[in-house]
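Participant: Have a look at this one.
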Amino acid sequence: DDGGRERGLSLSDLSRIPTRFTGNAPRASSGNRACLLPPDDGPCRALVPRWYYDRHTQSCQQFTYGGCYGNANNFLTFDDCEKSCWTIKKVPKLCRMEADGGPCRSYLRRYAFNLSSMRCEEFIYGGCYGNANNFRDLQSCVDHCLPEKTGPLLCYSPKDEGLCSSSVPRYYYDIKTKSCKEFRYTGCGGNANNFVTETDCYNVCRNGKEKHNCMLLPRTFRKHA
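Numbering (the UniProt record's numbering), first residue to last: 1 to 225.
Shown next as C-alpha cells:
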C-alpha cells in the first residue's frame, strides 16, 4: 500500500508480496547488450542487494534493487555479473564520457564514442568547452576508442538505406552482432557499408579483403534534364 511505499519494505515484507511483483528483473534480449544499460532500481521500494555492470568504471558494482521491473542489467551475484559482462571491450577513460556539444553556437560535425552502442557516432559540437570525447573524424575516434577493431573503417558505418524510393536487396555489416545482414537500399545516397552479396560483406569486414572501387560507394541515380 502507499504506506509501504513511503517507508520502504524490508526483506520480510517482501516475502509476503505476490510473486509477480518480486520476480527477477527483465532478461537481456540478446548477448551482453544488457551490460551496457544504466542501473535501474525499479519503481518498488524493497531493499534487495543486486549487482550491475557499470559501463563507466568497466566493472561490476552493487546496487539496491526495489524488487520489481527495472532492466536486465541486474544480477544476483558479483560472479553472475562478471560471467555475463566480461566480454565487454575495455575502452580508454575519455571514450566513456558522454558526448558534449558545449554551450557555444557553432555547428561543427564531430565524432564521439557512444558506450551504449559501443561505436563512434557523429554529433554536433558548438565550438567551445565540451570534453575530450570529441574527434574531428571517424577514423580518429575508431583508432583511439576501438584499437582492436577488425576490418576496414567502412564496416563501422551504420546501416543507411539512402534517399530514393527503390527497393534493392543489399547487405551491411552489423558491428554489434559481427554479422552481415540484409537490408533494402533505396538506390541513391547511403554509405559504403553496402554490399551486393553477403559473401562480399564477409570478405571485406571479416576477412579483411579490399573492397573493389566500383563497389566502394552505393550507386547514385540521377534524373536527366
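Positions of the beta carbon are idealized from the N, C-alpha and C atoms, including for glycine.
Under 8 angstroms, with one C-beta from each stretch per pair, do the stretch 54-65 and the stretch 78-89 reach the 3-pair mark?
Facilitator: yes
Participant: Could you check the C-alpha separation between P49 and N32 for me, to the nearest Å?
Facilitator: So the alpha carbons of these two residues sit roughly 21 angstroms apart.
Participant: Quick one: which unbroken alpha helix (DSSP H) runs of 4-plus residues sit fully inside the stretch 91-174? Chain order, please.
Facilitator: The stretch 91-174 contains, as complete alpha helix (DSSP H) runs of 4+ residues, the segments 138-145 (chain order).
Participant: How would you call A46, buried or exposed, if buried means at least 16 neighbouring beta carbons within 10 angstroms?
Facilitator: buried
Participant: Exposed or buried, which one is E161 when buried takes at least 16 other CB atoms within 10 Å?
Facilitator: buried
Participant: If you follow the alpha helix (DSSP H) that T57 is part of, which residue opens it and which one closes it?
Facilitator: Taken as a continuous stretch (DSSP letters only), T57 belongs to no alpha helix (DSSP H), as it is neither H nor E.
Participant: Expressed to the nearest angstrom, what Euclidean distance is found between the alpha-carbon atoms of S166 and T186?
Facilitator: 4 angstroms
Participant: Find the nearest neighbour of Y107 within the set M97, K83 and R136, judged by alpha-carbon distance.
Facilitator: R136
Participant: What is the residue span of the alpha helix (DSSP H) that C180 lies within?
Facilitator: Element bounds for C180: not the alpha helix (DSSP H) but the beta strand (DSSP E), S179 to Y185.
Participant: Please return the same chain residues whose Cβ sits closer than 6 angstroms to the Cβ of N131, not counting the five positions on each side in sequence.
Facilitator: M97 and D100
Participant: Name the DSSP beta bridge partners of P49, please?
Facilitator: T64
Participant: Give me, in chain order, the residues of the same chain whose beta-carbon lies closer than 6 angstroms to that of S140; leave out the 5 immediate sequence neighbours on both sides.
Facilitator: The beta carbon of S140 sits closer than 6 angstroms to none of the beta carbons in its chain outside the five residues before and after it.
Participant: Helix, strand or coil for G23? Go by DSSP, reduced to three states.
Facilitator: Residue confidence is low: G23 scores 44 on pLDDT, short of 50, so the model does not pin down where it sits. No coordinate-derived value is stated.
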